[in-house]
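Read the structure below first, then the notes.
Numbering (UniProt numbering), first residue to last: 1 to 468.
Structure (C-alpha cells):
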C-alpha cells in the first residue's frame, strides 16, 4: 500500500473511530419515539405548558435500559431497568429519567461511584462478584428496600411493555403564582404487568438475549402501541414533615399519598438508525422546563451534574446539538465553538445583553421558585432514616410464591459471600425488615438465627453522612 492511496487511508482511519465511549451505567438499551397527551389543565399546580390543556400533545423519545451490565449483554439479567423519557415541549426539553423500580439503593450522591464500582465486574477477575456488592451494601442499610424489589420477580420483567416506571425522586411543580407542590411521577403500564422467575429469565436469555428489544419492536410494527399513564402524587411543602419517613429520601415510596392520572404516553415509532438516535440520546434530570424543578433530594442533586457531564464526555460538548437531543423550541444560549459544533451562528454578537439583540427579553416565567433557607451547612445523616419498615411492608405484600422466589434469588447471591460478618449483617437487615423474611433467609444461606437476633439488638453505626 502506498501512502498516496488516500481513499484507503481515509476509510480505515474513519473505521478506527466509529465507536464512542460506552455509558458507564445504562449501556444496554433500546429507544423508541412516541407522544404524550395531557388529560386536562393542571395549571393550578404547574405552569409547564405540556400540562396546560386537555388533549395537548407533546412528542417524546423513550429509552429503556438495564443499569449495570454492558452493551450487548442479555436483556433478561436481574437488574433495574432504566425508564427515561424526553419530552420535546414548546418551552424546551424535559427529561424524566427514572427506573422501573420506585426506589433506589442509596440516598447519598457521594456513594454513587462506589456503589457502581461494587456492582461492576471486579478489577481483578473482570466478573461481577456478590462478595463485592454485598460488602458495600452491608454498610448501607437503606439499600434493604431496593434489594427486596430487585431480588423479587420484579427484578426480571418479562418485557419492557408490561412494567411500570418511576421518577424515583421527589420533584417540584410550580404554578404561575410561584406556589410549590412536591410531586412524584409514576408511569403505569396499560398492558398489565408480567415478570419472570429466575429460571424463566435464564431460559428466555438463552433463546434470545435481545428478546426485550425484539418484543418492543414487534409490538410497534403490529401497531399494538404500548402506553403508560402518568400518575402524579402531590404534596404541599407544609406536609413534608408529617410522615414518619423523609419524603425527599430516594429509598422510600410515598405511602398514603394519592396518585392523580395526568396524561398518557404512547410509543409508536422505531428510530431509523440505532446509533444516531438511541445511542446518542442523552438524558439528564437537570433538563427541566418552567413549572418543573428538582427537589432538595441529595441523591437527585448529584445526578443533576453527573448525567449531563457524562454526556459531555461520551458524545462531546455539543451533545445538545445532536438531532435527538435538540429541542423543538428556539435556542439562544450564546454557546460557541467546540468539537462538532453544528449550530448556525451569524453576526458579531455572541453575548448578552446587547443593544443589537432586539426582541430578546428576560422571561420571568423561567425563573426558579423562591426557597427559604434557614439553618447551618453541616454533614450529617437525615433524621428519619426508617431503613427497614417499607422493605418489610413490601415483603408482606408478596404472595407465598413471590416470597419463596425472593428468598431463593437472594440466597443464590448472598450464599456465595465468603465473609461471615458481611453475610450476617445482610441477613440482620432483612430480619429487621420482617422477622419471617430474615428467618427464612438465614436458613437458606446457613447463618445462625441466634447470631442474627443478637446482631439486630446491637445499635447501628453511622454508615456515612451527606452534606445538608
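Ideal Cβ placement from N, Cα and C applies to all residues, glycine included.
Quick caveat: nothing in here was measured; it's all calculated off a predicted structure.
Pull up the distance between the alpha-carbon of residue i and that of residue j, whole angstroms please.
i, j, result
"residue 433", "residue 94", "37 Å"
"residue 53", "residue 263", "10 Å"
"residue 323", "residue 241", "43 Å"
"residue 456", "residue 213", "44 Å"
"residue 217", "residue 210", "11 Å"
"residue 249", "residue 183", "13 Å"
"residue 2", "residue 9", "9 Å"
"residue 438", "residue 80", "23 Å"
"residue 336", "residue 350", "8 Å"
"residue 278", "residue 348", "36 Å"
"residue 237", "residue 370", "12 Å"
"residue 454", "residue 255", "31 Å"
"residue 327", "residue 92", "5 Å"
"residue 60", "residue 306", "23 Å"
"residue 189", "residue 40", "20 Å"
"residue 355", "residue 315", "35 Å"
"residue 330", "residue 321", "12 Å"
"residue 171", "residue 15", "43 Å"
"residue 289", "residue 83", "19 Å"
"residue 185", "residue 252", "14 Å"
"residue 555", "residue 73", "Nothing can be reported for residue 555, as the shown portion of the chain is limited to 1 through 468."
"residue 55", "residue 258", "23 Å"
"residue 198", "residue 436", "22 Å"
"residue 286", "residue 235", "21 Å"
"residue 458", "residue 124", "35 Å"
"residue 399", "residue 343", "56 Å"
"residue 28", "residue 231", "27 Å"
"residue 396", "residue 272", "45 Å"
"residue 452", "residue 223", "54 Å"
"residue 192", "residue 160", "11 Å"
"residue 48", "residue 87", "12 Å"
"residue 466", "residue 295", "Unreliable positioning characterises residue 466 in this predicted model, as indicated by a pLDDT of 46, which lies under 50. The coordinate reading is nonetheless provided below. Cα to Cα, residue 466 sits roughly 16 Å from residue 295."
"residue 105", "residue 119", "11 Å"
"residue 44", "residue 126", "53 Å"
"residue 363", "residue 90", "14 Å"
"residue 282", "residue 11", "28 Å"
"residue 229", "residue 338", "40 Å"
Skipping 5 residues on each side, what residues in its chain have a beta carbon closer than 6 Å to that of residue i?
i, result
"residue 444", "407 and 411"
"residue 194", "158 and 162"
"residue 475", "In the structure displayed, the chain extends from 1 to 468; residue 475 sits before or after that span and is not available."
"residue 384", "245 and 246"
"residue 291", "46, 47, 48 and 174"
"residue 71", "22, 27 and 28"
Our contact map puts residue i next to residue j with C-beta atoms below 8 Å; I'd like the distance itself, whole angstroms only.
i, j, result
"residue 103", "residue 149", "7 Å"
"residue 57", "residue 173", "With a Cβ gap of about 20 Å, residue 57 and residue 173 do not count as contacting."
"residue 469", "residue 284", "Past the boundaries of the shown model lies residue 469; the chain is included only from 1 to 468, so the question cannot be answered."
"residue 340", "residue 318", "6 Å"
"residue 130", "residue 441", "Not quite, the Cβ-Cβ distance comes to about 14 Å (not below 8 Å), so this is no contact."
"residue 169", "residue 299", "7 Å"
"residue 24", "residue 64", "With 8 Å as the limit, residue 24 and residue 64 do not qualify as a contact, their Cβ atoms being about 18 Å apart."
"residue 387", "residue 226", "About 35 Å separates the two Cβ atoms, so there is no contact after all."
"residue 145", "residue 394", "7 Å"
"residue 136", "residue 147", "Contact doesn't hold; Cβ gap of about 11 Å is too wide."
May I ask you to report which of helix, strand or coil DSSP gives residue i?
i, result
"residue 456", "helix"
"residue 240", "coil"
"residue 250", "coil"
"residue 267", "strand"
"residue 318", "coil"
"residue 87", "strand"
"residue 495", "With the chain running from 1 to 468 in the structure shown, residue 495 is simply not present."
"residue 364", "helix"
"residue 255", "coil"
"residue 20", "coil"
"residue 421", "helix"
"residue 68", "coil"
"residue 164", "coil"
"residue 497", "In this structure the chain extends from 1 to 468, so residue 497 is not present and cannot be described."
"residue 279", "helix"
"residue 385", "coil"
Between which residues of its own chain and residue i is the CB-CB distance below 7 Å, once the five residues before and five after are set aside?
i, result
"residue 447", "423, 424 and 427"
"residue 153", "195, 196, 197, 402 and 405"
In its own chain, which residues sit with a C-beta less than 8 Å from the C-beta of residue i, not counting the 5 before and 5 after it?
i, result
"residue 270", "32, 33, 217, 220 and 221"
For the stretch 100-116 against the stretch 401-409, are there 3 or more C-beta pairs whose distance is under 8 Å?
Too few Cβ pairs lie closer than 8 Å, so no.
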